[in-house]
């Protein structure tokens, strides 16, 4: 089984200058590309590529197999101390903004209308201040399994993982604090992806050692009912059956079975080099406690601009500088 070519690339759109980086999200038969542009953060000796400073959005119609007309949108926020999550929930696309340094603070939540970012009325906890004003906070909005009515935001800061419940209605949203992980037994690290559903949140994370390394064979499981965290193993570490990616997968998602997808990434070459790897993997067996890595039969094309999955049908779409592609996940 392989990917098939279905359309020309993003760069084929007339009178259009493609950005180098994007947030890529699937929703309602469309794969949306939101440009990410660089913004400096001199107070913190940091910089980032983000959507919230303004740019373009362009969608690929997966039914008609064509690109739609790009739309421009203005800056949503002009603050140095800010970070973002762009995510899909129940068929809609959202932009969550939080404080990047000095504590956990939810600034605003915006819904994509197809033309602009519409701000929702957000009820959220007060800022959780860090003793170190330059402590970095990493916000991860969990991928929701099919049928989930809410989702979970995981924030990592100062070795501690904080869980928040996010509930969204038509024009408003509420964030409720759930719990934080204990210091004991948790290596210093940051969350990099999460999957939520059936009362459990599975958090993929990385730790700091010789650089930042993904803990490929471990997950942090958060139980929404008992408000407890625990580290669980993902088989099979001895066989090294999981992804060879060094710091994380490029894209994460789920499928119709509720598996945790980790799609493509970079592998280490020599002491400091890296190269792209188009392998696709899933953590299966999460519902019965027999979680293990499964390598999928598809392999993504090189030089990806983006990849996205329809979790209800298992259709997968990939994009590079040459074509748009379609494939079908086998699990």
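In this note's numbering, the protein residues as written are 1120 to 1450.
A virtual CB, placed ideally from N, CA and C, is assigned to each residue, including glycine.
Since we're looking at a predicted model, the values are computed, not measured.
Setting aside the 5 residues that flank it on each side, residue 1439 is surrounded in the same chain by 1128, 1420, 1421, 1422, 1423, 1424, each with a C-beta closer than 8 Å to its C-beta; the list follows chain order.
Secondary structure of residue 1310 (DSSP, three-state): strand. Excluding the 5 residues flanking it on each side, residue 1291 has same chain C-beta neighbours closer than 7 Å at 1239, 1240, in chain order. Judged by DSSP in its simplified three-state form, residue 1383 adopts strand. Annotation for residue 1180: the continuous beta strand (DSSP E) segment containing it runs 1174 to 1180. Contact annotation: residue 1444 and residue 1124 have beta-carbon atoms nearer than 8 Å. DSSP places residue 1162 in the helix class (H, G or I) of the three-state scheme.
Bounds of the beta strand (DSSP E) holding residue 1370 are 1368 to 1373. When the Cα atoms are used, residue 1332 and residue 1355 turn out to be separated by approximately 18 Å.
Taking C-alpha positions only, residue 1230 is separated from residue 1215 by approximately 9 Å. Fewer than three beta-carbon pairs drawn from the segment 1158 to 1169 and the segment 1181 to 1194 are found closer than 8 Å, and the two stretches are therefore not classed as touching. Residue pairing by DSSP places residue 1212 opposite 1207 in a beta bridge. Counting only the Cα atoms, residue 1206 lies some 5 Å from residue 1213.
An exposed status is given to residue 1328, since fewer than 16 other beta-carbon atoms sit within 10 Å of its beta-carbon. In chain order, 1153, 1155, 1170, 1205 place their CB closer than 7 Å to the CB of residue 1142, counting only its own chain and leaving out the 5 sequence neighbours on each side.
Between residue 1122 and residue 1417, the C-beta spacing is below 8 Å. Cβ-Cβ distances below 8 Å link residue 1177 to 1129, 1132, 1135, 1151, 1152, 1186, 1187, 1188, 1189, 1190 in the same chain, with the five nearest sequence neighbours on each side left out; the list follows chain order.
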